[in-house]
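In the working numbering, the protein residues as written are 362 to 552.
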């Protein structure tokens, strides 16, 4: 069971716990974000991961079409990051699944992943990398979720917010560690 919160995070995590699995089957191979980044570096390009989202709790709103977004950026990025959280980010499993049909670039599923069902859904949707947020799950859950992601042949990106989280996360050998300067509890930014 994920950690308990007394704010919007509790609401989004409870929604994640109840979310239905995606029932489709993966129809593309797994693309490695690590390899795509290394390929970009080899070509002396900056390995950019382009994020597709239409809304965030901090007030961001966009109406850009995902098809045009992918078409415009595909030749310039190492991968795509797609928000799938519905309630606060207006994401959807369908958007990720549709983007997966448009590109052979690696896709990161960005959501508040707290269950094995979400990882299975990520795989079947066509994601290649799954985001885990260290501050919303226990250390044991972190270990189990990273291992489940590996079992599907996908890569994991674990988001941290401070040195203490880093010291815990590196024990479980995620594919990537990312630092988020936005505090998820109050949405402030600390650079």
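Don't be surprised by glycine CBs; every beta carbon is placed ideally from N, CA and C. Keep in mind it's a predicted model, so treat the numbers as computed, not measured.
Between 470, 507, 551, 466, which lies nearest to residue 400 when the distance is taken from Cα to Cα? For the residues 470, 507, 551, 466, the minimum Cα distance to residue 400 belongs to 466.
Bridge partners of residue 416, per DSSP? 422
Closest Cα partner of residue 370 within the set 528, 490, 474: 474
Quick check on DSSP: helix, strand or coil for residue 441? DSSP places residue 441 in the strand class (E or B) of the three-state scheme.
Could you give the residue range of the alpha helix (DSSP H) that holds residue 481? 477 to 486
Determine the burial state of residue 539: buried for a count of at least 16 other Cβ atoms within 10 Å of its Cβ, exposed for fewer. exposed
Is the beta carbon of residue 498 sitting closer than 8 Å to the one on residue 506? Contact: yes.
Whole angstroms is fine: what's the gap from residue 477's alpha carbon to residue 438's? 29 Å
Going straight from the alpha carbon of residue 461 to that of residue 384, what length do you get? 16 Å
Own chain, CB closer than 8 Å to residue 365, minus 5 neighbours either side, in chain order: The pLDDT assigned to residue 365 is 49, lower than 50, so where the model puts this residue is not dependable; a value taken from the coordinates is nonetheless given after this. Once the five neighbours on either side are set aside, the close Cβ partners of residue 365 are 371.
Measure the alpha-carbon distance for residue 534 versus residue 429 and round it to whole angstroms. 35 Å
Which residues share a DSSP beta bridge with residue 521? By DSSP's assignment, residue 521 forms a beta bridge with 540.
State the Cα-Cα distance for the pair residue 448 and residue 382, rounded to the nearest angstrom. Each residue's alpha carbon lies about 16 Å from the other.
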